[in-house]
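So my numbering is basically just the index in the sequence shown, starting at one, shifted up by 1.
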Amino acid sequence: MKSFRKFMRRMPFYSAYKSLFHYPDYWYWRLRPHPKRSPHLVKQRALLEYAERYGLRTLVETGTYYGEMVAALRNKFDRVDSVESVPDLARAATRKFEPYANVRIFEGESQNVIPEILQSLIAPALFWLDAGYYTWDGLDRNKQRLAMELEAILSQSASGHVVLIDDAGTLKFRIGENPEPSNVGELQKNLSTAFPARHVEIRNDIVRITPKS
């Protein structure tokens, strides 16, 4: 099975192949006691919900992977920036989305690229930070990258940016003076302490960090 998956990932149609399973995956999630992992459609809908609620027209994503989220939401935003650290995936995504003027693919480590993107923003943005992408390929990546990204995005209390983070149950990073969390409750507490001007909620395995009213 693993060999077949590796073979499929090399195929140019793999992204479309994966997308075929979004609805079956969603209904499987709906019809059983909700597992911790949220299906892709739930993630898409969460992003659209917060974009509409806060009037955000720019989406910034880390972990392009095969471009599923970009493909699903590129028509919903005026600007979509996506960062991918794996060169082959970044190049494939660049080719795939080259026809779309509102999409930009960045190759590099996201904690280094996010500050560059922030400098180019002229309005608040919606950030979709993929917590799991730095472990799937087995490479030894910086576990603190999410803390670095959050500090860059939320360092200005009046920025108006909204941050959603995937795979909340897997997050193991230190923020501020707090120790590494052992569960989502500690994670929520640590984030709330580090960013007191923000409201922090964790629902459907997604961290949601928004400006306080």
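Just so you know, even glycine gets a beta-carbon here, dropped at the ideal spot from N, CA and C.
This structure is a prediction, so every number in the text was calculated from the model and none was measured.
For Asp89, the enclosing alpha helix (DSSP H) stretches over residues Pro88 to Phe98.
Boundaries of the alpha helix (DSSP H) around Ile115: Ser111 to Ser121. In this structure Val84 does not touch Thr59 by the C-beta definition: roughly 14 Å separates them, more than the 8 Å allowed.
By the neighbour-count criterion, in which 16 or more other beta carbons inside 10 Å mark a residue as buried, His162 falls on the buried side.
In the structure shown, the three-state DSSP call for Ile154 is helix. For Arg54, the three-state secondary structure derived from DSSP is helix. With 16 or more other Cβ atoms inside 10 Å of its own Cβ, Gly68 counts as buried. Of the candidates Ala124, Gln120 and Val87, Val87 places its Cα closest to the Cα of Ile106. Phe196 and Glu178 have their C-alpha atoms some 12 Å from each other.
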